[in-house]
Amino acid sequence: MEEKSRSFYQDAFSRLKKSPTAIVGLIIVLIFILIAAFAPFIAPYDPFEMNLRNRQQAPSWEHPFGTDFFGRDVMSRMIFGARISLIMGITVIAVRAFIGIVLGLIAGYYGGWVETIIMRLTDAVIAFPGIILALAIMAVRGPGLFNVFFALSIVGWTTFCRLVRGEVLSVRERDYVMAARGLGASDLKIMLAHILPNIMPAIVIYATLGIAAPIISEAGLSFLGLGARSDQITWGFMISMARPYIRYAWWSITFPGLAIVVVVLGFNLLGDGLRDALDPRMKDV
Amino acid sequence: MQTYILKRLIQAIPVLFIVTIIVFSLLHFLPGCPAANILGEEATGEQIQRLREAMGLNRPIHIQYLEWVGGILQGDFGTSLRDGREVFPTLMRRLPATVQLVIASLFISTIIGIPVGVISAIRQNSLLDSFTRIFALLGVSIPNFWLGLMLILLFSYQLGWLPASGRGTLAHLIMPAIALGTASAGLITRLTRSSMLEIIRTDFIRTARSKGLMERRVIYGHALKNALLPVTTIVGLQMGYGLGGALITEAVFAYPGIGHFTYERLLARDMPVVMGNLFLFALMFILINIFTDIAYGFLDPRIRYD
Numbered sequence: 134m135e136e137k138s139r140s141f142y143q144d145a146f147s148r149l150k151k152s153p154t155a156i157v158g159l160i161i162v163l164i165f166i167l168i169a170a171f172a173p174f175i176a177p178y179d180p181f182e183m184n185l186r187n188r189q190q191a192p193s194w195e196h197p198f199g200t201d202f203f204g205r206d207v208m209s210r211m212i213f214g215a216r217i218s219l220i221m222g223i224t225v226i227a228v229r230a231f232i233g234i235v236l237g238l239i240a241g242y243y244g245g246w247v248e249t250i251i252m253r254l255t256d257a258v259i260a261f262p263g264i265i266l267a268l269a270i271m272a273v274r275g276p277g278l279f280n281v282f283f284a285l286s287i288v289g290w291t292t293f294c295r296l297v298r299g300e301v302l303s304v305r306e307r308d309y310v311m312a313a314r315g316l317g318a319s320d321l322k323i324m325l326a327h328i329l330p331n332i333m334p335a336i337v338i339y340a341t342l343g344i345a346a347p348i349i350s351e352a353g354l355s356f357l358g359l360g361a362r363s364d365q366i367t368w369g370f371m372i373s374m375a376r377p378y379i380r381y382a383w384w385s386i387t388f389p390g391l392a393i394v395v396v397v398l399g400f401n402l403l404g405d406g407l408r409d410a411l412d413p414r415m416k417d418v
Numbered sequence: 023m024q025t026y027i028l029k030r031l032i033q034a035i036p037v038l039f040i041v042t043i044i045v046f047s048l049l050h051f052l053p054g055c056p057a058a059n060i061l062g063e064e065a066t067g068e069q070i071q072r073l074r075e076a077m078g079l080n081r082p083i084h085i086q087y088l089e090w091v092g093g094i095l096q097g098d099f100g101t102s103l104r105d106g107r108e109v110f111p112t113l114m115r116r117l118p119a120t121v122q123l124v125i126a127s128l129f130i131s132t133i134i135g136i137p138v139g140v141i142s143a144i145r146q147n148s149l150l151d152s153f154t155r156i157f158a159l160l161g162v163s164i165p166n167f168w169l170g171l172m173l174i175l176l177f178s179y180q181l182g183w184l185p186a187s188g189r190g191t192l193a194h195l196i197m198p199a200i201a202l203g204t205a206s207a208g209l210i211t212r213l214t215r216s217s218m219l220e221i222i223r224t225d226f227i228r229t230a231r232s233k234g235l236m237e238r239r240v241i242y243g244h245a246l247k248n249a250l251l252p253v254t255t256i257v258g259l260q261m262g263y264g265l266g267g268a269l270i271t272e273a274v275f276a277y278p279g280i281g282h283f284t285y286e287r288l289l290a291r292d293m294p295v296v297m298g299n300l301f302l303f304a305l306m307f308i309l310i311n312i313f314t315d316i317a318y319g320f321l322d323p324r325i326r327y328d
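Residue numbers (this note's numbering), protein chains in the order written: chain A, 134 to 418; chain B, 23 to 328.
Below is the structure:
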């Protein structure tokens, strides 16, 4: 068992190394993580320093991505903006995965009316367009990044729940699960030690591909003015602030948006590569 | 078939029940009192109390819930806290513009996504296939509001070809539909490609080839018809998601749809309108999905609804 699972991951890793898309995706993601981690050392300027004499400067050697309405360096602000985008993407997907895994495990393992209730709840949550439900939660709880995190976390777990339940149903009656049950293992132990490791690859794939959604949603909510405050920097908020001047200063909108596209593309490339490597059933797709 | 449709509709009832509970709970999580919100800061306690009574907010919560649901069953979504108008007709007036936008965006994403996905699949691993895969993934990765702004920058301000905002002519619809449809186009391309690749490997395609049918006949006559089945489901789902995505797109293009309207009312905490919109969208999503499943049955004779 131990031997087999290690060889599965080794096998997967060697496949991953051969996939150019996965490597490109991984490099993009790593670069952004490094940028976010070392932002104060990389950013050429203080992201909050205003210089009214230097307003709305077009890109130049001094300011590669130009300056914004307050004369702040757009590139430096983008470098700091990577922090909130990445943290938001990763934490939201972690909470979504956690809720989905717990509910999916319970629904799939116990079945019966427990399953019926959980799955009808899932159907109901899926029926709402995520962004509108998130907006309504924001309207109730007020603006702010924490509330963005909260609203996004409790709307997107349904994919994980359905995925985990489906996978649990497919392994529930397998011999090794039966054997563990025969040996008197508790339900919790069976779910955590025997079922969860088997569905982990699928969860990892979905989580990686799923990071894109909260990053884009946070940008959208900040663009609508409901996320960051003026002492916080996010790419969506930068676009929102620069929007009135779109005709005169395209750079303050174009570059932060490109950052979103590139980081989201990175996670999607990596997720695609992981799917090819970890899920041999879909190897050629 | 009729029994199946009936069964699906009955199955939707518990889901709709949970939907109403979620929507209704939102109003009662609201910090502060809606009546005080409407009257503003100068209102006296007595005025607030009177409005609370008029709005029925002082009654037990389950009575309020039952009245709200009872109203919805009769098409009465309550009245707006801002202008006192009935919510349902107000929403219905704004809905056509959004439905038009969502259908236009789906039209664009299907006429791009399906052919490109098919070509990519039949030329698997070619240079063209690689390009297509990258562009499809790029499409999925672009935030629709930013794409909208970039389109405005290029086609309205630089070239002056298309109006940057508003609604009325076909020209007004082009950019919002592209902004909203690009992600779906990427998704449909990816799905069509993978679905097509799967079908091409099946036995019946091998049989079709080996009995000497022309390749074009095999691809478009046999394979495509089957490959499009899962695509139908995604197109249905995308219609539901499009309703949500339309909110931000409408904000970018000042497009007078239901999303833009709801967003404005959301900022004003006009909860009956927001609740009405949430319920309406969830209902539409559920109905679209039932409809998609039924359409699926017509397209795939293997599926029997017994």
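Here a beta-carbon is modelled for each residue, glycine too, at the ideal position from N, C-alpha and C.
None of the values given here were measured: they were computed from a predicted structure.
Counting only the same chain and skipping the five closest in sequence on each side, list residues whose C-beta sits under 8 angstroms from that of residue 361 of chain A. Start at 1 with the first residue of the first sequence, and residue 361 of chain A comes out as number 228. In its chain, beyond the 5 residues on either side, 217, 278, 355, 367, 369 and 370 have a beta carbon closer than 8 angstroms to the beta carbon of residue 361 of chain A.
Exercise. Would you list the residues sitting across from residue 101 of chain B in a DSSP beta bridge?
Key: Translated into positions along the second sequence, residue 101 of chain B becomes position 79. For residue 101 of chain B, which the question treats as bridged, DSSP gives the partners B:108.
### Query
Taking 8 angstroms as the CB-CB limit, is residue 277 of chain B close to chain A?
For the purposes of this step, residue 277 of chain B is taken as the residue at position 255 of the second sequence. So, not an interface residue.
Fill in: For residue 200 of chain A: DSSP bridge partner residues
Within the first sequence, residue 200 of chain A is the residue found at index 67, counting from 1. According to DSSP, residue 200 of chain A bridges with A:206.
State the start and end residues of the unbroken alpha helix (DSSP H) segment that holds residue 308 of chain B. Taking the second sequence and counting its residues from 1, one reaches residue 308 of chain B at position 286. That run of the alpha helix (DSSP H) goes 293–321.
Partner residues on chain A for residue 182 of chain B, Cβ-Cβ distance less than 7 angstroms:
One-based indexing of the second sequence puts residue 182 of chain B at position 160. Near residue 182 of chain B there are no residues of chain A at all, since even the closest Cβ is about 12 angstroms away, more than 7 angstroms.
Q | Identity of the residue in B:92, B:45 and B:112 nearest residue 101 of chain B by Cα | A | Sequence index remark: in the second sequence, residue 101 of chain B carries index 79 (1-based). Looking at the Cα atoms, B:112 is the closest of the given residues.
Spatial neighbours of residue 80 of chain B within its chain, please: CB distance less than 6 angstroms, with the 5 preceding and 5 following residues excluded, ordered by chain position.
-> Taking the first residue of the second sequence as position 1, residue 80 of chain B is located at position 58. The answer, listed in chain order, is 74.
Could you compute how far the alpha carbon of residue 418 of chain A sits from the alpha carbon of residue 189 of chain A? Here residue 418 of chain A is taken as the residue at index 285 of the first sequence, counted from 1. Here residue 189 of chain A is taken as the residue at index 56 of the first sequence, counted from 1. Note that residue 418 of chain A scores 34 on pLDDT, short of 50, meaning its location in the model is unreliable; the coordinates nonetheless yield the value given after this. C-alpha separation (whole angstroms): 47 angstroms.
Does the beta carbon of residue 273 of chain B sit closer than 8 angstroms to a beta carbon anywhere in chain A? In the second sequence, the residue the question calls residue 273 of chain B occupies position 251. With 8 angstroms as the cut-off, residue 273 of chain B counts as an interface residue toward chain A.
_Any beta carbon from chain B within less than 8 angstroms of residue 266 of chain A's own beta carbon?_
Locating residue 266 of chain A in the first sequence gives position 133, counting from the first residue. Closer than 8 angstroms to some Cβ of chain B, the Cβ of residue 266 of chain A qualifies, so yes.
Original post:
Can you check whether the CB of residue 220 of chain A is closer than 8 angstroms to the CB of residue 176 of chain A?
Top reply: Taking the first residue of the first sequence as 1, we reach residue 176 of chain A at position 43. Taking the first residue of the first sequence as 1, we reach residue 220 of chain A at position 87. No, Cβ-Cβ distance for residue 176 of chain A and residue 220 of chain A is not below 8 angstroms.
Residue environment, residue 183 of chain B, which counts as buried when at least 16 other CB atoms sit within 10 Å:
As a first step, residue 183 of chain B must be located in the second sequence, where it is residue number 161. Exposed, since its Cβ has fewer than 16 Cβ neighbours within 10 Å.
Practice prompt. Specify the secondary structure class of residue 306 of chain A as computed by DSSP and reduced to three states.
Written response: By one-based count along the first sequence, residue 306 of chain A stands at place 173. Three-state DSSP puts residue 306 of chain A in coil, outside helix and strand.
Range covered by the alpha helix (DSSP H) that runs through residue 247 of chain B
As a working mapping, residue 247 of chain B is identified with position 225 in the second sequence. 246–275 is the span of the alpha helix (DSSP H), which, as asked, contains residue 247 of chain B.
### Query
Where does residue 233 of chain A land, buried or exposed, given buried means 16+ other C-beta within 10 angstroms?
For the purposes of this step, residue 233 of chain A is taken as the residue at position 100 of the first sequence. Per the 10 Å Cβ criterion, buried.
>> In this structure, how does DSSP classify residue 224 of chain B when only helix, strand and coil are distinguished?
In response: Start at 1 with the first residue of the second sequence, and residue 224 of chain B comes out as number 202. Note: residue 224 of chain B maps to coil in three-state DSSP.
> Just curious, the alpha helix (DSSP H) that residue 92 of chain B is in, first and last residue?
Replying inline: What you label residue 92 of chain B is simply residue 70 of the second sequence in a count that begins at 1. For residue 92 of chain B, the enclosing alpha helix (DSSP H) stretches over residues 83–95.
The alpha helix (DSSP H) that contains residue 397 of chain A, what's its start and end?
What you label residue 397 of chain A is simply residue 264 of the first sequence in a count that begins at 1. Start and end: 384–411.
Beta carbon of residue 187 of chain A, beta carbon of residue 204 of chain A: below 8 angstroms? On the first sequence, position 54 is the one that residue 187 of chain A refers to. On the first sequence, position 71 is the one that residue 204 of chain A refers to. Yes; because the gap between Cβ atoms is below 8 angstroms, this pair is in contact.
Checklist entry - Listing by chain order, which chain B residues have their CB less than 9 angstroms from the CB of residue 277 of chain A? => result To locate residue 277 of chain A, count along the first sequence from 1; it is residue 144. Chain B residues near residue 277 of chain A: none, gap ~13 angstroms exceeds 9 angstroms.
Practice prompt. Determine the chain A residues that contact residue 167 of chain B at a beta-carbon separation under 7 angstroms, and present them in chain order.
Written response: Here residue 167 of chain B is taken as the residue at index 145 of the second sequence, counted from 1. Correct list: 353 and 356.
Query - Proximal residues of chain B, C-beta to C-beta of residue 261 of chain A below 7 angstroms - result: Here residue 261 of chain A is taken as the residue at index 128 of the first sequence, counted from 1. Those are 300, 303 and 304, listed as they occur along chain B.
Q: Pull up the CB-CB distance for residue 76 of chain B and residue 126 of chain B, whole angstroms please, since I reckon it's below 8 angstroms.
A: Here residue 76 of chain B refers to the residue found at position 54 of the second sequence. Here residue 126 of chain B refers to the residue found at position 104 of the second sequence. Their Cβ separation, rounded to whole angstroms, is 42 angstroms, which puts residue 76 of chain B and residue 126 of chain B out of contact at 8 angstroms.
Give me, in chain order, the residues of the same chain whose beta-carbon lies closer than 7 angstroms to that of residue 275 of chain A; leave out the 5 immediate sequence neighbours on both sides. The residue you call residue 275 of chain A lines up with position 142 of the first sequence. Around residue 275 of chain A, the same chain offers no residue with a beta carbon nearer than 7 angstroms, after the five sequence neighbours per side are excluded.
Worksheet entry | residue 286 of chain A: first and last residue of the uninterrupted alpha helix (DSSP H) it sits in | To locate residue 286 of chain A, count along the first sequence from 1; it is residue 153. 278–286 is the extent of the alpha helix (DSSP H) around residue 286 of chain A.
Shortest alpha-carbon distance to residue 332 of chain A belongs to which of A:411, A:178 and A:245?
Here residue 332 of chain A refers to the residue found at position 199 when the first sequence is read from its first residue. Nearest of A:411, A:178 and A:245 to residue 332 of chain A, Cα basis: A:411.
Let me confirm a value: residue 246 of chain A is counted as buried when at least 16 other C-beta atoms fall within 10 Å, else exposed. Which label applies? Counted from its first residue, the first sequence places residue 246 of chain A at position 113. Residue 246 of chain A comes out exposed.
### Task
Determine the burial state of residue 283 of chain B: buried for a count of at least 16 other Cβ atoms within 10 Å of its Cβ, exposed for fewer.
Position 261 of the second sequence, counting from 1, holds the residue named residue 283 of chain B. A residue is called buried when at least 16 other Cβ atoms come within 10 angstroms of its Cβ; residue 283 of chain B meets this threshold and is buried.
### Task
Report the rounded CA-to-CA distance for residue 193 of chain A versus residue 183 of chain A, giving the unit in angstroms.
Sequence index remark: in the first sequence, residue 193 of chain A carries index 60 (1-based). Sequence index remark: in the first sequence, residue 183 of chain A carries index 50 (1-based). Whole-angstrom Cα-Cα distance: 18 angstroms.
task = Mind checking the region 190–214 of chain B against chain A and listing, in chain order, the residues whose C-beta falls within less than 8 angstroms of any C-beta there?
result = Within the region 190–214 of chain B, not one residue has a Cβ closer than 8 angstroms to any Cβ of chain A.
- Item | Whether residue 44 of chain B touches residue 136 of chain B by CB criterion (8 angstroms) | Here residue 44 of chain B refers to the residue found at position 22 of the second sequence. Here residue 136 of chain B refers to the residue found at position 114 of the second sequence. Contact: no.
Task: Partners in chain A for residue 262 of chain B, counting only beta-carbon separations shorter than 8 angstroms - done: Your numbering for residue 262 of chain B matches position 240 in the second sequence. Under the 8 angstroms cutoff, chain A gives 260 and 262.
With DSSP run on the structure shown, which of helix, strand or coil describes residue 131 of chain B? Against the second sequence, residue 131 of chain B aligns to sequence position 109. Helix.
task = Determine the burial state of residue 275 of chain B: buried for a count of at least 16 other Cβ atoms within 10 Å of its Cβ, exposed for fewer.
result = As a working mapping, residue 275 of chain B is identified with position 253 in the second sequence. It is buried - the Cβ of residue 275 of chain B has at least 16 other Cβ atoms within 10 Å.
Item to check | Close Cβ partners of residue 218 of chain B (< 6 angstroms) along its chain, the five nearest in sequence each way excluded | outcome: Here residue 218 of chain B is taken as the residue at index 196 of the second sequence, counted from 1. 140, 143 and 249.
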